[in-house]
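*Asks:*
Residue numbers (the numbering used here): 6 to 343.
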């Protein structure tokens with residue numbers, strides 16, 4: 006008992022001494038940031054590295070605390086918490102943040118891009134406008150973080166429109182673009198939360214999923230499918246965004262420093278994700294997934310249906326017509342120049 010008491014006293018004394026040491030004061034303002042990414046992922050590691058640098062370079066005036074693994078809820082729940090000040094910022098999917106700025110998802114329109122050269126040219130022109138749009142809506146963004154091209158993976162080969170019909174295709178809950186696109190292709194999709202997809206594949210509720218290669222590997226969906234259709238369905242991305250109200254609590258002199266650190270660290274994630282997706286495609290091949298292509302006479306038909314779907318979304322006010330027209334124009338210019 007004496008030994009136990011002595012150890013406890015020593016620990017308490019050490020804690021008191023540490024807290025009393027100079028330079029150990031808590032930051033004046035701590036940014037609370039949520040993310041669905043798990044702890045020790047590339048994204049959370051980058052944000053934790055940024056947190057250390059922010060505290061050092063602001064001399065302890067600003068801190069950053071990360072809540073990983075979706076513990077704060079999905080995009081819509083986190084947005085509500087941000088409005089009430091419980092959370093200051095979060096990483097979002099493009100679709101998630103489009104609820105506060107509708108055009109943010111414009112680069113995820115179906116069959117918009119054929120390769121990353123087109124993506125990079127459009128991003129260079131359009132990304133600053135998307136950041137400005139979020140700012141006008143009351144949010145501060147660190148820019149786009151690429152998740153990569155999304156591909157269909159299925160239990161039987163999908164190479165034609167006829168192949169696709171009859172498949173039980175998953176789309177994320179609350180994804181109006183996916184809902185509209187697959188219905189236009191003659192396939193009523195099955196909306197489910199991300200956490201239920203693997204179970205859906207195991208039980209037969211689903212037989213087709215759409216994901217980036219990295220996502221397919223990490224989530225183990227590839228263990229329940231046999232084919233990957235090589236035509237990219239869409240380009241997937243997200244961002245880290247803060248409410249202006251929270252951002253303005255950072256001392257004015259520190260705001261450029263905090264932004265620069267976050268942008269730099271998250272840009273590395275943006276770049277690394279593309280490399281990781283290429284590696285994941287090779288991993289899928291080694292795991293026995295068969296890669297198939299849309300038949301040449303079917304691809305124009307699918308592109309026409311996708312284009313008509315985009316037009317209907319514009320007519321309904323889901324996207325700004327001029328912005329969609331500009332994105333299409335840049336893409337076409339790059340494509341014709343190949």
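Using N, Cα and C, we set each Cβ at its ideal position, and we do this for glycine too.
From the DSSP output, read off the bridge partner residues of residue 244.
*Replies:* For residue 244, which the question treats as bridged, DSSP gives the partners 97, 149.
*Asks:* Answer yes or no: do residue 117 and residue 236 have a C-beta to C-beta separation smaller than 9 angstroms?
*Replies:* It is not a contact, given that the beta carbons lie outside the stated cut-off.
*Asks:* Between residue 166 and residue 300, what straight-line distance do the alpha-carbon atoms span, to the nearest angstrom?
*Replies:* One C-alpha to the other measures close to 9 angstroms.
*Asks:* Taking DSSP as the reference, what is the three-state secondary structure of residue 287?
*Replies:* Looking at residue 287 - three-state DSSP - the assignment turns out to be helix.
*Asks:* Quick check on this structure: which residue in 161, 335, 272 has the alpha carbon closest to the alpha carbon of residue 298?
*Replies:* The shortest Cα separation from residue 298 among 161, 335, 272 belongs to 161.
*Asks:* Please state whether DSSP places residue 166 in a helix, a strand or coil.
*Replies:* Reduced to three states, the DSSP call for residue 166 is helix.
*Asks:* With DSSP as the reference, label residue 68 as helix, strand or coil.
*Replies:* In the structure shown, residue 68 sits in a strand (DSSP, three-state: E or B).
*Asks:* By alpha-carbon positions, which one of 223, 242, 206, 195 ends up nearest to residue 230?
*Replies:* Minimum Cα distance to residue 230 is reached at 206.
*Asks:* Starting from residue 334, trace the alpha helix (DSSP H) in both directions and tell me its first and last residue.
*Replies:* Here the alpha helix (DSSP H) through residue 334 covers 326-341.
*Asks:* Looking only at its own chain, which residues have a Cβ that is under 6 angstroms from the Cβ of residue 112, when we skip the five neighbours before and after it?
*Replies:* So the qualifying residues of the chain are 240.
*Asks:* I'd like the list of long-range same chain contacts for residue 185, defined as Cβ closer than 8 angstroms, with 5 residues on each side in sequence excluded.
*Replies:* Only 314, 317, 318 meet the Cβ criterion.
*Asks:* Could you tell me whether the stretch 52-70 touches the stretch 258-267, using the rule of 3 or more Cβ pairs below 8 angstroms?
*Replies:* With the cut-off at 8 angstroms, the stretch 52-70 and the stretch 258-267 touch.
*Asks:* Give me the residue from 133, 159, 110, 73 with the minimum Cα distance to residue 227.
*Replies:* Nearest C-alpha to residue 227: 159.
*Asks:* By a C-beta neighbour count over all protein chains shown, 10 Å radius and 16 as the cutoff for buried, is residue 44 buried or exposed?
*Replies:* The residue in question, residue 44, is exposed, as its Cβ has fewer than 16 Cβ neighbours within 10 Å.
*Asks:* With 16 as the cutoff for other CB atoms within 10 Å, does residue 95 come out buried or exposed?
*Replies:* Classification for residue 95: buried.
*Asks:* Below 8 angstroms CB to CB, which residues in the same chain sit around residue 35 once its five sequence neighbours on both sides are set aside?
*Replies:* So the list reads 67, 68, 69, 70, once near-sequence residues are dropped.
*Asks:* Quick one: what's got a C-beta closer than 6 angstroms to residue 275's C-beta in the same chain, skipping five residues either side?
*Replies:* 150, 151, listed in sequence order.
*Asks:* Going by CA-CA distance only, name the one from 125, 219, 64 that's closest to residue 46.
*Replies:* Nearest of 125, 219, 64 to residue 46, Cα basis: 219.
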